Amino acid sequence: MASRIEHRATFPHSVADVYAAQSSEAALRARLAELGGKHATLEDHTSTSDGVRYTLLQGVPAEKLPQAVRSLHKGDLMVRREHTWAPSGAGYTGTIKAHVPGLPGDITASTELTGDGQGSVQATRGEVTVRIPLVGGKLEGFVAEQVTRLLEREAEFTATWLAHGN
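The sequence shown lines up with residues 159 to 324 when you count with the working numbering.
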């Protein structure tokens, strides 16, 4: 059984500005430098008139992992996140797929960026699935909590980025 992820962030900025702050190469590199963890990398970034696609690699130090994860995976954890964004009406929709090489599980989510009359709203909904008997459910809950915290930190970064006129 999967654990749910739900996150909502509001910004006093236009949809276009928030989209750029969430998907431009410069913003992603700055966000990774601040929040990406060990060995954080923007592996690829492609922007076209149809939207943007990018892959982030983010590291979690072994000492910050729960014991159940450390018993299954030795060393630091590297998380690969594949994102897509595409125009949708007056806003944008996107998908996120994340996985850890060598561990049986994944994270999938959809995200929507829309205007709300006074700015923008980004809503993300997804789920974490860990296919390990006995401990999978416990790990799913931990991962879902960590992903939600990361989404909160990324939204705070985006708000700061926009406030400074980047």
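Don't be surprised by glycine CBs; every beta carbon is placed ideally from N, CA and C. Since we're looking at a predicted model, the values are computed, not measured.
G194 to A248 span [Cα, whole Å]:
Straight-line measurement puts the Cα of A248 at about 30 angstroms from the Cα of G194.
DSSP puts M236 in a beta bridge; with which residues?
For M236, which the question treats as bridged, DSSP gives the partners G217.
With a threshold of 6 angstroms on Cβ separation, who are the neighbours of T272 within its own chain once the five nearest residues in sequence on each side are excluded?
Excluding positions up to five away in sequence, the list reads G249, V279.
Is it buried or exposed, L309, if we count other Cβ atoms within 10 angstroms and call 16 or more buried?
By the neighbour-count rule (16 or more Cβ atoms within 10 Å), L309 is buried.
Please determine whether the Cβ atom of P219 lies at a distance below 7 angstroms from any heavy atom of the ligand SAM.
The ligand SAM is not part of the structure shown, which contains no ligands of any sort.
Apart from the five residues just before and just after G260, which ones in its own chain have a Cβ nearer than 7 angstroms to its Cβ?
So the list reads H231, once near-sequence residues are dropped.
Minimum length 3: unbroken beta strand (DSSP E) runs contained in the segment 165-229:
Taking only runs of at least 3 residues, the beta strand (DSSP E) segments lying wholly in the segment 165-229 are 196-206, 209-218.
Backbone CA spacing between L292 and E312 [nearest angstrom]
One alpha carbon belongs to L292, the other to E312, and they sit about 32 angstroms apart.
Let's see if you can read the secondary structure: which residues bound the beta strand (DSSP E) around S294?
As written in the sequence, residue 294 is Gly, which differs from the Ser given in the question. Here G294 belongs to no beta strand (DSSP E); instead the alpha helix (DSSP H) covers 294-321.
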